[in-house]
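Asker: Chains as they are written, first to last, in numbering that gives the first Met the number 0: chain W, 0 to 409; chain G, 0 to 396. Cβ coordinates follow ideal geometry from the N, Cα and C atoms, glycine included. No experiment lies behind these values; they were computed from the predicted model shown.
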Amino acid sequence: MFDLHLSAEQHEIRDTIREFVTHEIKPVATKPARMEALERRPPAELLLKASQIGLRTLALSEALGGAGADALTTCLVAEELGAGDPDIAAVLVETSALSHVLFDQLMTPDQRSRFLPQFVKDDAAQLALAAHEPDTDTELGINYHRAVPLGPAVSCTASRTPTGDWIINGTKTFVPNAPLASLVAVQVSTDPKAPAGQGVSTLLVPRDTPGMTIRELDQNAGWYHGLRGDITFTECRVPAGNLLGAEGKSALSAGLDASGRGIPLVQAMNIGLGRAAYEAALDYAKIRVQGGRRLIEHQAIGTLLAEIALRLEVARTIVWKAAWVTDNPSAVADRSVADLPLHTLTRIYTAEAMHQVALDAAEVFGAMGVMRDMPMHKYVQDALIFLHSGMSAGDGKLRIAEALAEFRRD
Amino acid sequence: MDFSLNDEQRAWQEKARKFADEAIRPASLARDRVLDPAQTWDWDLFKKGSKLGFRTLAVPKEYGGPGADFVSQAIVMAELARGDSGVSKAFSQNWKWSHLIASVCSLEQKERFLTAFLADDTFVMGKGITEPNAGSDNRLPPEDDPRAGLKLKAERRGDEWKLNGEKCFIANGNIGKLFFLDARSNPNVNVKEGVTMFLIPRDTPGFRSGKVFNKSGWRFYQNAELIFEDARVPHANVIEQNAGASRLDKGERTGGDLFGDLELAANALGVCMSACESSLNLARSRTQGGKPLLEQQSVQLKIGRMNMLTEALRSYVMRVAWEHDQKLPSTNAGFVMNYSTDVIQEVTQLNMALHGAAGYTMDAHANKLVRDGIIWTHLAGDAVQRMKVVRRMAKSK
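#1: Distance, Cα to Cα, Arg138(G) vs Val383(G)?
#2: Which word fits Trp42(G), buried or exposed, when buried means at least 16 other C-beta atoms lie within 10 angstroms of its C-beta?
#3: Which residue or residues does DSSP assign as beta-bridge partners of Lys124(G)?
#4: Going along the chain, which residues of its own chain have a beta-carbon closer than 6 Å to the beta-carbon of Ser208(G), five neighbours each way excluded?
#5: What residue does the beta strand (DSSP E) around Cys235(W) start on, and which one ends it?
#6: For Ser135(G), which of Leu294(W), Thr325(W), Thr316(W) and Lys377(W) has the nearest alpha-carbon?
#7: Name the chain W residues whose beta carbon is nearer than 8 Å to that of Tyr359(G)?
#8: Alpha carbon to alpha carbon, how far is Phe2(G) from Gln12(G)?
#9: Below 8 Å on C-beta distance, what does Gly134(G) contact in chain W?
#10: Please list, in chain order, the chain A residues whose beta carbon lies closer than 9 Å to that of Glu362(W).
#11: For Ala400(W), which option in Thr170(W), Gly53(W), Phe173(W) and Gly140(W) has the closest C-alpha, if you only look at C-alpha atoms?
#12: Threshold first: 4 residues or longer. Then list the alpha helix (DSSP H) segments lying entirely within the segment 76-130 of chain G, N to C.
#13: Over what stretch of residues does the beta strand (DSSP E) that includes Cys167(G) continue unbroken?
#14: Quick check: what's the CA-CA separation for Asp362(G) versus Ser278(G)?
#15: In chain order, what residues of the same chain lie with their CB nearer than 6 Å to the CB of Leu303(W), ignoring the 5 residues before and after it?
#16: Just the Cα atoms here: how many angstroms apart are Ala118(G) and Thr172(W)?
#17: How long is the line joining the alpha carbons of Lys394(G) and Lys387(G), rounded to whole angstroms?
#18: Measuring alpha carbon to alpha carbon, tell me which of Val211(G), Ser284(G) and Ile373(G) ends up nearest Phe364(W).
#19: Is Leu139(G) helix, strand or coil by DSSP?
#20: Taking DSSP as the reference, what is the three-state secondary structure of Asp164(W)?
#21: Identify the continuous alpha helix (DSSP H) that holds Ala337(W) and give its terminal residues.
#22: Can you tell me the Cβ-Cβ gap for Gly269(G) and Ala77(G), rounded? I've got them flagged as a contact below 8 Å.
#23: Whole angstroms is fine: what's the gap from Pro141(G)'s alpha carbon to Met336(G)'s?
#24: For the alpha helix (DSSP H) that contains Thr156(W), what are its first and last residues?
#25: Report yes if the CB atom of Pro42(W) is closer than 8 Å to the CB atom of Met268(W), and no otherwise.
#26: By the 7 Å beta-carbon criterion, what residues does the segment 139-159 of chain W contribute toward chain G?
#27: Specify the secondary structure class of Val147(W) as computed by DSSP and reduced to three states.
#28: Who are the Cβ neighbours of Leu281(W) in its own chain at under 7 Å, not counting the five residues just before and after it?
#29: Start and end of the beta strand (DSSP E) containing Gln125(W)?
#30: Kindly list the residues whose CB is nearer than 8 Å to the CB of Gly271(W), restricted to its own chain and excluding five residues on each side of it in sequence; keep chain order.
#31: Quick check on DSSP: helix, strand or coil for Arg154(G)?
#32: Given a cut-off of 8 Å, decide if Ala361(W) and Leu431(W) are closer than it, judged by their beta-carbon atoms.
#33: Under 8 Å by Cβ, that's how I've got Ser95(W) and Ala58(W) pegged, so tell me the actual separation to the nearest angstrom.
#34: Look up Val232(G) in the DSSP assignment and give the residues it is bridged to.
#35: Give me whichever residues DSSP pairs with Gln223(G) in a beta bridge.
#36: Determine the extent of the beta strand (DSSP E) in which Ala200(W) is found, giving its start and end residues.
Structure, rendered in C-alpha cells:
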C-alpha cells in the first residue's frame, strides 16, 4: 500500500500552523535585526502563543494532555515552523519531541505525577536534554568500522548518597533549550569504571534545584538554531526517584535519534527553510522584469526554479518516508522498506539539497541576494547552519556505511 | 612553455605576500565583524598598501606609475586576497579605471585625473553602471526593447551636462574621489548605443552618495548608492572616445571589463589559497583519538579536491593574465571568471565542512571565506555572466 493522502486532521493542523506562521511568526522573523541575525532569540510572548495552540506539547499523547501527533504530523508542523523562523521552530520542536520521549515513553507513573502537571499547565515551560560536554567529539571518523566503543566518555558524574539521593557534578555545554527549561534530563556517568559510552544514566533535574547553574549562550557566537546554554552541576542533589529508566543503561545515550531511525524533525525544519527561499524566489521571478520579460520567462531562471522545486520534492519525500517509518516500524520488518538508517540518509540529503536551494534562490535575486537586510542572505546562512551542525555529513556517511556492512559496534 | 616568473613579477609577489601576512590578515576578521557597513573601511591599512604601490599598480610607466604587467597584477590580486578578499578588491578596483584613463581619456583628462590619482594615497575610484532596475539589462540588453537598461539621464546644456537619476551597488561609492559613470544620453536608442561615459569627481554639484549596502561578505569593500539631482558636469569630463556612439566593445580592449573578469578570477584564487592553507593546518593540528585528522581518508579526499581545484584555477588565471600581456584576443577571461565562481564556492564550502565537523561553533575565518565566495554568484557566475561569455565567443569566431 502506498498512500500519500494526509488525514483530515493533518490537513487541519498544517493549515492552522501555516496561519500562525503567517500572522504571528513572519512579522517577527522579517524584522531587520532578525534578518541580519543580530537578534535571533525567540521572543517569549511568541513561545507562549505557540504553546497555547498546542505546539509545545504537540507530540505528547492526548492522554497526558498533548495533541498526540505522530511522527509524520510533527514533521509537517516542523516544516511550517522552519519556513517561518528556524530559531523559534527549534525551541518548540525540541520540547515537543522530548515531551513524548520523557513523559510518554520513559517516566514511571510516579515521575509523571510529579513532573507532568506543572509542565502541561505552564506555557513557558520548555524541556532540555543535557548530553553534550565540552571538548568532546564522537570520534567516529578515526574509529570507523573498528570494534572499539564510541566515545565520548561522560565526565559529568552522579554518585549515590547513603539515603539513595544522587549528587551530580560536572558541566554540560550547548544544551538546547537550557535557558528556558523547567526540567532538564541530564546524562551522567554512574559507573566510573565502565568503558566510554557505557555506565551512563539519565537523571531528571527540575529548574530550581540548588547546585544547577544555567548560563545562556550568545546565540550569534554559536552555530546552531534555537537557544542553548551551558549547565554546571555543583554538588547538585536530586532524590533517588529522579533516575529515568535503569541505572547505567540510559535510553538517551546517543541523543534522540540513537537508532538512526529517529524522527527527522530538524530535516523537516530545513525543508521549511528551503521552501521559504523558494517561495521568495518564485514570487520575485514572476514580478521582476529584465531582458525584456519576467525572469521566470527566461530559460535560465525557469530551469533554476525547476531544479529548486525538484530538490524540495525529493527532500520532502524522504523526510515523509523516514517519518512514516518511525510511525510504522513493521514496514521495515516485513521488508516493504529497506533496512537503512533513514534518518541519517535524510539528514545528509536534505542539508545538502536545501543549501543548494538557498544558493539558487539567492541567485535569482542578483546582488539583493547577498544583502544582510534582505531575507535571502539569512536563508543562505541558515542553510549553512543546517548543513554544518549536529551530525556532520561525513560522520553520517560513515554511519550509513557501517550499517551497509552490517557492522555492529555493541 | 615557461611558467617561471621574471624578477619584477617575483618582487611584486613577495611584496604583496608580506603585506598580506603582516598587515591585511591580522586586521581581516575584525573588519569583517564591523556591523555598520559604512564603517568597515580602514584608511591606515589602505594608505600603507598605497605607499607600497598596490593602489596605483596598473598606471603605465609613461604616466609615472609602476606599470606592472597583467601577470604581476594577477599575482598581486591573489596574494592580497589570500589576506582578505575585500581588501584585494579595494585596491584592484582602482586598476580597472587607471587602465581606462590611460587607454581612452584625452591628454587633458589624463593630466587632470591621473596626476591627482598618483599623488594621493586616499584617492580611490569606482564605476557606476548598475541601477535599481537595470542590472542584468545592462549586461545582456534585450535586442527587442530599446528602453531596457540604465536610465540615469544625461542632457547637454551648452558646455555642461545635467545628470539626473540614481545608481546602486557602486564600488567605493561613499569614499571614492572619482567615478566613471554610464548615463543615458539618448533615450531613443538601445542601451549599447545611447550611453555616454562621464568622469564624475566627488565635488560635482548635485551629486552625492547615499546608503552603503550591507553585504554578507566582502565587508571591507563598500558599495553605495550614487544620487544625481540636476548634477552639473562640464563637457570636458565626457570620455569622448565613446560619447554618443557605441560603448567600448568589451571584447576588444585589454582594460575595462576584460580586466574585471581576470580580476574576479585572480581574487578567487587568493581566497582558495587561504582556504587550502587553513584546512591543511587544521588537519595537521586537530586530532581525533590522538591522531591528526589528516590521517583520515575522508579528510585527505576533501583536501585533495580543494588543492586540485585551486591549482587548476591558478593555471587558468595565469594563462589569461599572460594572454592579456600578449594582447591575444580570447574569451578565456570570461570563462576563467565563470570557473572561479565554481571553484571558490566549492573550495570554501569544503573548508567549512572540515572546520565544522566539531559541531556547535564555526571557525570565523572559514565562515568569512564562504560569505566572500557567495558574492561571486552575481558578479561572476550567474546565468547572465555565463551566457554573456558564450555570446562573446560565438561572435568572435
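Answerer: In terms of the structure at hand:
#1: Position 139 of the second sequence holds residue 138(G). Position 384 of the second sequence holds residue 383(G). Each residue's alpha carbon lies about 7 Å from the other.
#2: As a working note, residue 42(G) is residue 43 in the second sequence. Trp42(G) is exposed by the Cβ-count criterion.
#3: The residue you call residue 124(G) lines up with position 125 of the second sequence. A small fix is needed here, since residue 124(G) is Met in this sequence, not Lys. Answer is Leu177(G), bridged to Met124(G).
#4: Position 209 of the second sequence, counting from 1, holds the residue named residue 208(G). Only Gly172, Asn173, Ala223 and Leu225 meet the Cβ criterion.
#5: On the first sequence, residue 235(W) is found 236 positions in, with the first residue counted as 1. Start and end: Arg227 to Val237.
#6: For the purposes of this step, residue 135(G) is taken as the residue at position 136 of the second sequence. If we check each option's Cα against that of Ser135(G), Leu294(W) comes out closest.
#7: Locating residue 359(G) in the second sequence gives position 360, counting from the first residue. By Cβ distance, chain W contributes His131, Thr172, Phe173, Gly221, Trp222, Tyr223, Arg227 and Ser388.
#8: As a first step, residue 2(G) must be located in the second sequence, where it is residue number 3. As a first step, residue 12(G) must be located in the second sequence, where it is residue number 13. Spanning the two alpha carbons is a distance of roughly 15 Å.
#9: For the purposes of this step, residue 134(G) is taken as the residue at position 135 of the second sequence. Per Cβ cutoff of 8 Å: Gln289, Gly365 and Ala366.
#10: You won't find chain A in this structure, because its protein chains are W and G.
#11: Position 401 of the first sequence, counted from the start, is the residue given in the question as residue 400(W). The shortest C-alpha separation from Ala400(W) is found at Gly140(W).
#12: 84-103 and 114-118
#13: Residue mapping note: residue 167(G) aligns to position 168 of the second sequence, counting from 1. Start and end: Glu159 to Ala170.
#14: For the purposes of this step, residue 362(G) is taken as the residue at position 363 of the second sequence. For the purposes of this step, residue 278(G) is taken as the residue at position 279 of the second sequence. The alpha-carbon atoms of Asp362(G) and Ser278(G) are separated by roughly 11 Å.
#15: By 1-based counting over the first sequence, the position of residue 303(W) is 304. Correct list, in chain order: Asp359.
#16: As a working mapping, residue 118(G) is identified with position 119 in the second sequence. As a working mapping, residue 172(W) is identified with position 173 in the first sequence. The straight-line gap from Cα to Cα measures roughly 56 Å.
#17: Position 395 of the second sequence, counted from the start, is the residue given in the question as residue 394(G). Position 388 of the second sequence, counted from the start, is the residue given in the question as residue 387(G). In a straight line, the C-alpha of Lys394(G) is about 11 Å away from that of Lys387(G).
#18: Mapped onto the first sequence, residue 364(W) falls at position 365. Considering only alpha carbons, the answer is Ile373(G).
#19: Here residue 139(G) refers to the residue found at position 140 of the second sequence. Note: Leu139(G) maps to coil in three-state DSSP.
#20: By 1-based counting over the first sequence, the position of residue 164(W) is 165. Of the three classes helix, strand and coil, the one that applies to Asp164(W) here is coil, per DSSP.
#21: Looking up residue 337(W) in the first sequence gives position 338. Element bounds for Ala337(W): n/a, residue is neither H nor E.
#22: The sequence position of residue 269(G) within the second sequence is 270, counting from 1. The sequence position of residue 77(G) within the second sequence is 78, counting from 1. Confirmed, about 4 Å.
#23: Within the second sequence, residue 141(G) is the residue found at index 142, counting from 1. Within the second sequence, residue 336(G) is the residue found at index 337, counting from 1. Near 23 Å, if we compare the C-alpha coordinates of Met336(G) and Pro141(G).
#24: In the first sequence, counting from the first residue as 1, residue 156(W) sits at position 157. Note, Thr156(W): premise wrong, no alpha helix (DSSP H); beta strand (DSSP E) at Thr156 to Arg159.
#25: As a first step, residue 42(W) must be located in the first sequence, where it is residue number 43. As a first step, residue 268(W) must be located in the first sequence, where it is residue number 269. Not a contact, by the Cβ cut-off of 8 Å.
#26: Gly140, Ile141 and Asn142
#27: Here residue 147(W) is taken as the residue at index 148 of the first sequence, counted from 1. Coil at Val147(W), not helix or strand.
#28: Translated into positions along the first sequence, residue 281(W) becomes position 282. Within the same chain, Leu281(W) has close Cβ partners Leu304.
#29: Translated into positions along the first sequence, residue 125(W) becomes position 126. Residues Gln125 to Ala129.
#30: In the first sequence, residue 271(W) corresponds to position 272, counting from 1. Hits under 8 Å: Ala77, Glu78, Glu79, Leu80, Gly81, Ala82, Gly83, Pro85 and Ala88.
#31: Translated into the one-based positions of the second sequence, residue 154(G) becomes position 155. Sequence check: residue 154(G) is Glu here, not Arg. If DSSP states are grouped into helix, strand and coil, Glu154(G) belongs with the strands.
#32: Residue coverage of chain W in this structure runs from 0 to 409, which leaves residue 431(W) outside it and unanswerable.
#33: The sequence position of residue 95(W) within the first sequence is 96, counting from 1. The sequence position of residue 58(W) within the first sequence is 59, counting from 1. So it is a contact: roughly 5 Å between Cβ atoms.
#34: The count along the second sequence starts at 1 and reaches residue 232(G) at position 233. Paired residue(s): Trp160(G).
#35: What you label residue 223(G) is simply residue 224 of the second sequence in a count that begins at 1. The residue you asked about is not Gln; residue 223(G) is Ala in the sequence shown. Per DSSP, Ile169(G) and Val211(G).
#36: Residue numbering aside, residue 200(W) sits at position 201 when the first sequence is read from its first letter. Correcting the residue type first, residue 200(W) is Ser in the shown sequence and not Ala. Start and end: Val199 to Pro205.
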